[in-house]
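Here's the structure we're looking at; comments come further down.
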Amino acid sequence: MAQELKLDFKSMPKIELHAHLTGSISRQCLHEIWEIKKAAGETDLEDPLVVMPPGRHDYDLTTFFPLFSSYIYNLVNDAPSLELSTRSVVRDFAADGVVYLELRTTPRAMPTAGLDKAGYVAAVLQAISGEEQALAQTLHARLILSIDRRNTLDEALEVIALAKEFRDKGVVGVDLCGDPTKGDVALFTPAIKQAKAAGLKVTIHFAEAEASASEAELSTIMSWVPDRLGHVIHVPETVKRHITARKGIGLELCLSCNVHAKMIVGSFEAHHFGEWWCVDGPVVVPCTDDVGVFGSPLSNEWRLIQEHFKLRREEILGLARKGIEVIFADDAEKARLREIMW
Ligand SMILES: CNc1ncnc2c1ncn2[C@@H]1O[C@H](COP(=O)(O)O)[C@@H](O)[C@H]1O
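Per full-length UniProt numbering, the sequence shown runs over residues 1 to 342.
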């Protein structure tokens with residue numbers, strides 16, 4: 001029996017579907033970018049290893065979002081740092097045994113570096129494909145473009161336009177993310193409708209905080225018929241039934257993020273993964289969210305799942321393979337994954 005439980009989670013081929021690009025940059029990589037800029041006299045920022053000391057993962061929702069707006073975005077603010085960090089993120093996922101990666105990012109203009117939002121998306125896609133080639137095709141990656149909850153409708157429509165523009169180059173869908181205490185999601189209905197009409201896939205941050213879990217918000221989001229939902233924490237029973245009835249909807253669950261950021265009450269064993277993973281209908285996919293901040297690579301998320309929920313080897317492998325059904329890439333990619341996943 002003990003033998004049966006033994007699984008090398010790093011070698012196990014894995015799918016990552018909920019990884020924010022900027023939040024996935026390792027502290028070491030941020031430090032290297034800072035060193036280059038410091039040597040060139042291009043930054044007054046403090047060393048990332050001081051701002052985000054190694055081993056510190058207890059960011060909650062009030063300290064987490066400012067980390068980006070007031071620090072990381074000021075460090076990763078030009079084409080070279082964007083390329084270096086994107087390639088490093090892809091490489092880190094590959095080294096952790098990820099064979100299919102959907103990164104997501106919020107298109108961000110970098111005016112001082114002469115990059116507009118389209119330039120940003122093009123640079124990220126180029127860095128991803130450069131790294132894919134360097135990795136000799138073990139990992140395939142796609143990109144999701146994020147709308148931020150603080151966006152205006154026009155800004156959201158711009159994200160959809162970019163997703164359409166770059167669809168042939170690796171963009172597969174759109175996301176709605178950002179500080180859950182901000183914004184009114186109903187504003188984005190026309191944007192999400194446009195995305196769906198264009199055949200783009202849709203994933204939405206769903207009920208990740210009480211502030212973003214009102215009945216009105218959740219029913220607006222469900223009315224969009226999203227392909228996947230992220231986090232899925234503060235969900236009333238009626239909405240749970242609605243989700244369960246949506247056969248094949250993907251649920252991107254992020255254990256370490258939710259525990260470290262105190263988004264759930266209690267620790268790992270209290271995580272709603274335990275409630276959802278064996279429900280017939282939705283497809284649960286364990287994901288990292290922001291491995292650069294919360295420090296738990298995908299292999300460790302699976303280890304935590306085994307430790308706290310006592311899944312058997314076959315249940316783990318079956319769940320990992322089930323994720324193939326809800327990736328946003330095409331059938332050829334699904335077929336490749338069915339070949340290589342255990
Ligand atoms: C608790 N988990 C989360 N909930 C909501 N939004 C999140 C998030 N983690 C990250 N982001 C969103 O992703 C951006 C960073 O990556 P990109 O610059 O887009 O690549 C953050 O600024 C935030 O808007």
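Here a beta-carbon is modelled for each residue, glycine too, at the ideal position from N, C-alpha and C.
Since the structure is predicted, the reported quantities are computational estimates derived from the model, not experimental observations.
Residue i to residue j span [Cα, whole Å]
| i | j | result |
| --- | --- | --- |
| THR62 | THR181 | 10 angstroms |
| ASP154 | VAL185 | 14 angstroms |
| MET1 | GLU16 | Any reading at MET1 must be qualified, since the residue scores a pLDDT of 44, below 50, and its modelled position is unreliable; the value itself is stated next. If you take the alpha carbons of MET1 and GLU16, they lie about 29 angstroms apart. |
| PRO66 | LEU21 | 16 angstroms |
| GLN194 | ALA156 | 10 angstroms |
| ALA207 | LEU176 | 12 angstroms |
| VAL76 | HIS31 | 11 angstroms |
| ARG228 | LYS201 | 9 angstroms |
| LEU264 | GLY173 | Reading the sequence as shown, one finds Ile at residue 264 and not Leu. For ILE264 and GLY173, the distance between alpha carbons rounds to 28 angstroms. |
| HIS57 | HIS260 | 6 angstroms |
| ILE233 | GLY41 | 44 angstroms |
| ASN151 | ALA209 | 19 angstroms |
| GLY23 | PHE64 | 10 angstroms |
| ALA191 | GLU158 | 9 angstroms |
| ASP280 | LYS322 | 12 angstroms |
| ILE160 | ILE305 | 35 angstroms |
| TRP342 | THR112 | 47 angstroms |
| VAL283 | TRP277 | 7 angstroms |
| SER26 | GLY292 | 4 angstroms |
| PHE225 | LYS240 | Looking at the sequence provided, one finds Val at residue 225 rather than Phe. The alpha-carbon atoms of VAL225 and LYS240 are separated by roughly 14 angstroms. |
| THR105 | SER267 | 28 angstroms |
| LYS14 | ASP290 | 17 angstroms |
| GLN270 | SER11 | What sits at residue 270 in the sequence shown is Ala, not Gln. Taking the straight line from one Cα to the other gives about 27 angstroms. |
| ASP9 | HIS308 | At residue 9 the sequence reads Phe, which differs from the Asp that was named. Straight-line Cα distance between these residues: approximately 15 angstroms. |
| GLY295 | ALA109 | 27 angstroms |
| ALA211 | VAL235 | 12 angstroms |
| LEU135 | SER214 | 44 angstroms |
| SER85 | VAL285 | 25 angstroms |
| GLY170 | LEU115 | 19 angstroms |
| LEU298 | CYS287 | 6 angstroms |
| ALA320 | PRO80 | 35 angstroms |
| ASN74 | HIS242 | 41 angstroms |
| GLN3 | ARG303 | In this predicted model, GLN3 has a pLDDT of only 46, less than 50, meaning its place in the structure is not dependable; the value taken from the coordinates is given anyway. C-alpha separation (whole angstroms): 15 angstroms. |
| SER146 | GLU275 | 28 angstroms |
| ASP92 | ASN300 | 13 angstroms |
| HIS18 | ILE128 | 16 angstroms |
| GLN28 | LYS247 | 41 angstroms |
| LYS262 | HIS205 | 17 angstroms |
| THR244 | ASP47 | 46 angstroms |
| THR189 | MET222 | 11 angstroms |
| THR43 | ARG312 | 50 angstroms |
| ARG87 | GLY183 | 32 angstroms |
| LEU198 | ALA163 | It is worth fixing the name first, because residue 198 is Ala in this sequence and not Leu. Going by the C-alpha atoms only, they are around 10 angstroms apart. |
Reduced DSSP secondary structure (H/G/I, E/B, other) of residue i
| i | result |
| --- | --- |
| GLU201 | Reading the sequence as shown, one finds Lys at residue 201 and not Glu. DSSP places LYS201 in strand when its eight states are reduced to three. |
| LYS117 | helix |
| LEU103 | strand |
| SER296 | coil |
| SER146 | strand |
| LEU75 | helix |
| LYS240 | helix |
| ALA141 | strand |
| PHE9 | coil |
| VAL50 | helix |
| MET1 | In this predicted model, MET1 has a pLDDT of only 44, less than 50, meaning its place in the structure is not dependable enough to derive any value. |
| VAL124 | helix |
| VAL89 | helix |
| VAL326 | helix |
Paired residues, beta bridge with residue i - DSSP
| i | result |
| --- | --- |
| ARG228 | THR203, GLY250 |
| ALA19 | LEU103, ASP289 |
| VAL259 | In the DSSP output, where bridge partners are listed per residue, VAL259 has none listed. |
| VAL235 | Paired residue(s): none; VAL235 is not in a bridge. |
| MET341 | The partner list for MET341 (beta bridge, DSSP) is empty, contrary to what the question assumes. |
| LYS14 | VAL98 |
Say whether the stretch 135-145 touches the stretch 92-103, bearing in mind that this needs 3 or more beta-carbon pairs closer than 8 angstroms, one atom from each stretch.
-> Yes, the stretch 135-145 touches the stretch 92-103.
Answer yes if the stretch 47-59 comes into contact with the stretch 323-338, meaning at least three C-beta pairs across the two stretches below 8 angstroms, and no otherwise.
-> no
Within the stretch 261-309, note down every full alpha helix (DSSP H) run reaching 4 residues or more, in order along the chain.
-> For secondary structure counted as the alpha helix (DSSP H) over 4 or more consecutive residues, the stretch 261-309 holds these complete runs in sequence order: 273-276, 291-294, 298-309.
So, do the stretch 113-128 and the stretch 29-41 have three or more beta carbon pairs nearer to each other than 8 angstroms?
-> no
Determine contact between the stretch 213-220 and the stretch 250-262, defined as no fewer than three beta-carbon pairs at a distance below 8 angstroms.
-> no
Contained beta strand (DSSP E) runs [length at least 3] in the stretch 151-222, N- to C-terminal order = 171-177, 201-206
Just checking, does the stretch 326-335 make contact with the stretch 99-117 on the three C-beta pairs under 8 angstroms criterion?
-> The stretch 326-335, when compared against the stretch 99-117, does touch it at the 8 angstroms Cβ threshold.
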